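Asks: When the sequence shown is numbered by UniProt numbering, its final residue is 146 and no position is left out of the sequence of numbers.
Positions of the beta carbon are idealized from the N, C-alpha and C atoms, including for glycine.
Remember, predicted model here, so these are calculated numbers, not experimental data.
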Amino acid sequence: MNLEFNIAVHVLSFLTKHSEEQFNSQDLAELTCLNPVQLRRVTTTLNNQQYIDSIRGKGGGYRANAHTPTITLDTLYQLFVLDKLPTQRIFTGSEESHCTISRNIATTMNKYKEQETALALNFYRNLTINDVIKETLQEDTSNDTF
Numbered sequence: 001m002n003l004e005f006n007i008a009v010h011v012l013s014f015l016t017k018h019s020e021e022q023f024n025s026q027d028l029a030e031l032t033c034l035n036p037v038q039l040r041r042v043t044t045t046l047n048n049q050q051y052i053d054s055i056r057g058k059g060g061g062y063r064a065n066a067h068t069p070t071i072t073l074d075t076l077y078q079l080f081v082l083d084k085l086p087t088q089r090i091f092t093g094s095e096e097s098h099c100t101i102s103r104n105i106a107t108t109m110n111k112y113k114e115q116e117t118a119l120a121l122n123f124y125r126n127l128t129i130n131d132v133i134k135e136t137l138q139e140d141t142s143n144d145t146f
């Protein structure tokens, strides 16, 4: 899981809950408690995937479309977590090391990483944006209007 995945789920949930409305990026960032730059980076990807509709120019903004409520979280996990190349080294050891552990630890950890990925995708496969909204609203104890 990473921040962009969370932003995507948050924004899609918000837009779905308010599907009759359209929000410009500044208002959407404020209403979802997000940095506008981070929000735009994610909404650009969501729009390119046709997960949301975007209207450009004055009076433009973002809104949910017919597909937004049924997007599964595994597709978002793939897009925002798995398809992102790591910016840092994630495995230790060296194949040239004299130590058996150091020589083979990366192979072992890579197998674990692949299993972790399969578990995460399987977990998210049957969860949709509608499911997130339903569960999130059950958590609510306030009487806010948004």
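Report back the beta-carbon spacing between THR70 and THR141 to the nearest angstrom; my notes put them in contact at under 8 Å.
Replies: Not really, about 28 Å apart at Cβ, beyond 8 Å.
Asks: Kindly provide the ranges of any beta strand (DSSP E) runs that are 3 or more residues long and lie completely inside the segment 40-93, ordered along the chain.
Replies: Segments of the beta strand (DSSP E) lying fully in the segment 40-93: 52-55 and 61-64.
Asks: PHE23 bridges to which residues according to DSSP?
Replies: Paired residue(s): TYR62.
Asks: Buried or exposed: which applies to SER13, given that a residue is buried once 16 or more other Cβ atoms fall within 10 Å of its Cβ?
Replies: Buried.
Asks: Can you list, in chain order, the residues of its chain with a C-beta nearer than 8 Å to that of ASP27? Leave out the 5 residues immediately preceding and following it.
Replies: Cβ neighbours of ASP27 beyond the five flanking positions: GLY61.
Asks: Terminal residues of the continuous alpha helix (DSSP H) containing MET1?
Replies: It is not in any alpha helix (DSSP H) - MET1 carries neither H nor E in the DSSP assignment.
Asks: Classify THR108 as helix, strand or coil using the three-state DSSP reduction.
Replies: Of the three classes helix, strand and coil, the one that applies to THR108 here is helix, per DSSP.
Asks: Does the separation of the CB atoms of LEU15 and ARG63 fall below 8 Å?
Replies: Yes. Within cutoff.
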